[in-house]
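Undergrad:
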Amino acid sequence: MKRLRAAAAPLLAGVLLLTSGCFNVKFREPERPAGMTAPSATDPFAAVTAAPTYTAPPATVVTVPAETTTLPFSTDSDEYVDDTTVPIPTVPTTVPVTAAPSTPDQMTRDQLLQYFNNTLNKIKTGNVGFTKTKKTDVLDLQLSNQAANSVVGLVKNALLSSDAATETVGRGSSGVNVFSPSGKPYVSALTAEDITAITCTKNGAGYIVKVAVKSETNPEANGSAMSRAFDFMTVDDVLGVYAPKVGATVARQDIKVVFSDCTAEMTVDGAGRVTAYRTYVKGVMNMLNATVKKVISINTDVAVTLASTTDYTNFDY
1157 MKRLRAAAAP
1167 LLAGVLLLTS
1177 GCFNVKFREP
1187 ERPAGMTAPS
1197 ATDPFAAVTA
1207 APTYTAPPAT
1217 VVTVPAETTT
1227 LPFSTDSDEY
1237 VDDTTVPIPT
1247 VPTTVPVTAA
1257 PSTPDQMTRD
1267 QLLQYFNNTL
1277 NKIKTGNVGF
1287 TKTKKTDVLD
1297 LQLSNQAANS
1307 VVGLVKNALL
1317 SSDAATETVG
1327 RGSSGVNVFS
1337 PSGKPYVSAL
1347 TAEDITAITC
1357 TKNGAGYIVK
1367 VAVKSETNPE
1377 ANGSAMSRAF
1387 DFMTVDDVLG
1397 VYAPKVGATV
1407 ARQDIKVVFS
1417 DCTAEMTVDG
1427 AGRVTAYRTY
1437 VKGVMNMLNA
1447 TVKKVISINT
1457 DVAVTLASTT
1467 DYTNFDY
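Numbering-wise (my numbering), the sequence shown opens with residue 1157 and increments by one.
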């Protein structure tokens, strides 16, 4: 064992001498290009050159038009469109408000007609009481056959009497079948196309509203302007009532009834209630190629102009 230790001693001494010599070697850095600095002793990963300074590009200002905007693509496909402009509506900050007229004399034509209809129709819907007085006059009578002139007086007397017809409906009772137009749920359903004029006149605390209705020939009992406001003579009335009264026989196609100058006039008080109402209906009854039999039979054309004035008074609410 002592011999082995003695042999190893020179070898260990050599290793120690070689190791100590390595620690005494001075490390020399390589030369660096100009501008480079040595890394920090404490941070071996520090940058050897300063980081460049970032400068942001100037800001781009985009101006959007106030009224329109441009879409880069059409709404129907993905095809690029460079001139499609969509208008942007301008929303008003305030909405004008038109105040409703407070009195009938300030109303427009259409407003006044609506007021006329609505006010009158309350008479039937409200079962208002009233008195009706109707009088019919023969304004003219013409016969084409001069020989028939002898029966003119007979014809007039047969058509009508000289007395006015009066009828009263009490409050709470229905006046639908009495107040014209008879049997209709309304007093007036006139439209703007049915009338030629409408006026409003101040009358004390109330007003008078008058309507003129357009002329019509052979109006039907339903659907005509006359049917929306009046009781009137139809072709059926001539066949069933008036021709038999004068002893005339006439074909339906030879009857022509022409109405003109028909009016309706409403009077209201300060509270807007109807105090008086009048209708005026004028019509010419033409019977061509008629045979009139009064004692003798005469073939002739007959033209009778009739006018009926109907007054409604004594309204009881």
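The beta carbon of each residue, even a glycine, is placed where N, CA and C say it ideally should be. Bear in mind that the values here come from a model prediction, so they are computed numbers and not experimental data.
If the criterion is Cβ atoms closer than 7 Å, does the pair S1380 and S1416 meet it?
TA: For S1380 and S1416, no; Cβs fall outside 7 Å.
Undergrad: Just curious, the alpha helix (DSSP H) that Y1271 is in, first and last residue?
TA: According to the DSSP assignment, Y1271 belongs to the alpha helix (DSSP H) that extends over 1265-1281.
Undergrad: Would you mind sorting G1309 into buried or exposed? The rule is 16 or more other CB atoms within 10 Å of its CB.
TA: exposed
Undergrad: For R1188, I'd like the list of residues in its chain whose CB is within less than 7 Å of its CB, leaving aside the five on either flank, ordered along the chain.
TA: Since pLDDT at R1188 reaches only 49, below the 50 mark, its modelled position is unreliable, and the value read off the structure follows with that caveat. Close CB contacts of R1188 within its chain, under the 7 Å cut and outside five residues either way in sequence, are absent.
Undergrad: What residues match up with M1441 in a beta bridge as DSSP calls it?
TA: V1413, V1460
Undergrad: Cβ atoms of V1440 and T1123: under 7 Å apart, would you say?
TA: Only positions 1157 to 1473 of the chain appear in the structure, and residue 1123 is not among them; the question remains open.
Undergrad: What would DSSP say about R1408, mapped onto helix, strand or coil?
TA: helix
Undergrad: Our contact map puts A1446 next to T1405 with C-beta atoms below 8 Å; I'd like the distance itself, whole angstroms only.
TA: 7 Å
Undergrad: I'd like to check one pair, V1325 with F1386: are the Cβ atoms closer than 7 Å?
TA: no
Undergrad: Whole-angstrom Cβ separation of N1374 and K1401, contact assumed at under 8 Å?
TA: The pair is not a contact, with the Cβ atoms about 19 Å apart (cut-off 8 Å).
Undergrad: Is the Cβ-Cβ distance between T1419 and A1353 less than 7 Å?
TA: no
Undergrad: Below 6 Å CB to CB, which residues in the same chain sit around A1345 once its five sequence neighbours on both sides are set aside?
TA: If we look at A1345 and ignore the five residues flanking it on each side, its Cβ neighbours are R1384.
Undergrad: What does a CB cutoff of less than 7 Å around V1424 pick up in its chain, not counting 5 residues either side in sequence?
TA: T1275, G1362, Y1363, V1430, T1431
Undergrad: What is the rounded straight-line gap between the Cα of Y1398 and the Cα of A1377?
TA: 16 Å
Undergrad: Taking the alpha carbon of G1311 as the reference point, which residue from S1300, F1388, G1403, Y1473 has its own alpha carbon closest?
TA: Note that residue 1311 corresponds to Val in the displayed sequence, not to Gly. Among S1300, F1388, G1403, Y1473, the Cα nearest to that of V1311 belongs to G1403.
Undergrad: Excluding the 5 residues preceding and the 5 following T1456 in the sequence, name in chain order all residues of the same chain whose CB lies nearer than 7 Å to its CB.
TA: L1299, S1300, N1301, A1304, A1446, V1448
Undergrad: When burial is assigned at 16 or more other CB atoms within 10 Å of the CB, is P1228 buried or exposed?
TA: Any reading at P1228 must be qualified, since the residue scores a pLDDT of 46, below 50, and its modelled position is unreliable; the value itself is stated next. Burial call: exposed.
Undergrad: Taking Cβ positions, are N1442 and A1459 nearer each other than 7 Å?
TA: Taking C-beta atoms as the reference points, N1442 and A1459 count as a pair closer than 7 Å.
Undergrad: Three-state secondary structure (DSSP) at S1383?
TA: Here DSSP, grouped into helix, strand and coil, assigns S1383 to helix.
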